[in-house]
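J.: Residue numbers are given in the UniProt record's numbering: position 190 of the sequence shown equals residue 190, and the series is strictly consecutive.
Here a beta-carbon is modelled for each residue, glycine too, at the ideal position from N, C-alpha and C.
All values derive from a computational prediction rather than experimental measurement.
Next up is a structure, given as structure tokens.
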Amino acid sequence: MADQLLHQQSDDAPLATSKQRDAVERAKASIPEASGTQITARAVTINRPVEEVYAYFRDFANLPSFMENVERIDVLDRQRSHWVVKAPAGGTVEWDARLTAEEENKLLAWTSEGGAEVPNSGRVEFHDAGTRGTVLVATILYDPPGGVIGKVIAKMFQREPAIQARRDLRRLKQLLETGEIATPAMNRQQYEEMGL
């Protein structure tokens, strides 16, 4: 049924971009053991083979290298991990996540386990784009800490999941395509050249 719901879309754009009002319900139907009331989804094309993109993403210890607000991920076993993420107004939030579906080089789905400070679930799809590389589509359901007010605060501090997903996927693209992540920060030589 989940596949039928996904194929009812008229294109392959992320569910969160859908103009249909039932995007959250359709996302829940596509994510095993889904939890969360808010949806965000982003897609990026990475000029690397699908096997390489999947392998990098599947090693959860790699995720903090491009996910700006993730302080650390402790890999507990092949299916479970413990996440420590910066909170919108300071401090951190933590949860344990468990894989609920996995298809090598195609799909990873997860859900947070009971007691999560930020209940969440999602799926990341990996589509072979031929000579263009890989299209990665991430769909995330979550309950913002502090409800609507918490979501507003998160946006103010640029830590709202929709903002972060876009930035994180851009950094992943840079990292996998070039081996580094571009930053607007000035390096030591630039400071010296400016006499600072």
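If you draw a straight line from the alpha carbon of ILE73 to that of GLU113, how long is it in whole angstroms?
T.: Cα to Cα, the separation comes out at about 15 Å.
J.: State the start and end residues of the unbroken alpha helix (DSSP H) segment that holds VAL50.
T.: Here the alpha helix (DSSP H) through VAL50 covers 50–58.
J.: Residues in its own chain within less than 6 Å of LEU172 by CB, not counting five upstream and five downstream?
T.: So the qualifying residues of the chain are PHE66.
J.: Scan the region 75–151 and note each continuous beta strand (DSSP E) run of 3 residues or more that stays entirely inside, going in chain order.
T.: Runs of the beta strand (DSSP E) inside the region 75–151: 80–86, 92–103, 107–112, 120–128 and 134–142.
J.: Between ILE140 and ALA165, which are expected to be in contact by the criterion C-beta below 8 Å, what is the C-beta distance as a whole number of angstroms?
T.: Confirmed, about 7 Å.
J.: With ALA41 as the anchor, note down where its beta strand (DSSP E) starts and where it stops.
T.: Start and end: 38–46.
J.: In chain order, what residues of the same chain have a beta carbon less than 7 Å from the beta carbon of VAL85, not counting five sequence neighbours either side?
T.: The answer, listed in chain order, is ASN69, VAL70, GLU71, THR92 and VAL93.
J.: Please determine, among ASP168, LEU169, LEU176 and SER121, the residue with the shortest C-alpha to C-alpha distance to SER35.
T.: The shortest Cα separation from SER35 among ASP168, LEU169, LEU176 and SER121 belongs to SER121.
J.: Tell me the DSSP bridge mates of ILE73?
T.: Partner(s): TRP83.
J.: Who are the Cβ neighbours of ILE149 in its own chain at under 8 Å, not counting the five residues just before and after it?
T.: Annotation note: pLDDT 40 at ILE149 (below 50); position unreliable, no value reported.
J.: Is GLU125 buried or exposed, if buried means 16 or more other CB atoms sit within 10 Å of its CB?
T.: The residue is buried, with at least 16 neighbouring Cβ atoms inside 10 Å.
J.: Which value, in whole angstroms, describes the spacing of the CA atoms of ARG132 and ARG80?
T.: Answer to the nearest angstrom: the Cα atoms are 32 Å apart.
J.: Taking only three categories from DSSP, how would you classify ILE163?
T.: Reduced to three states, the DSSP call for ILE163 is helix.
J.: Nearest by alpha-carbon distance to THR111: which of GLU103, ARG123 and GLU104 is it?
T.: Cα-wise, what sits closest to THR111 is ARG123.
J.: Run the CB neighbour count on ASP168, radius 10 Å, all protein chains shown included, and call it buried at 16 or more, exposed below.
T.: Buried, because 16 or more other Cβ atoms sit within 10 Å of the Cβ of ASP168.
J.: Does THR40 pass the burial test, meaning 16 or more other C-beta atoms within 10 Å, or should it be called exposed?
T.: Its Cβ being crowded by 16 or more others within 10 Å, THR40 is buried.
J.: In angstroms, rounded to a whole number, what distance separates the CA positions of ILE46 and LEU176?
T.: Approximately 7 Å between the Cα atoms of the pair.
J.: Just the C-alpha distance for GLU33 and LEU99, rounded to the nearest angstrom, thanks.
T.: Near 10 Å, if we compare the C-alpha coordinates of LEU99 and GLU33.
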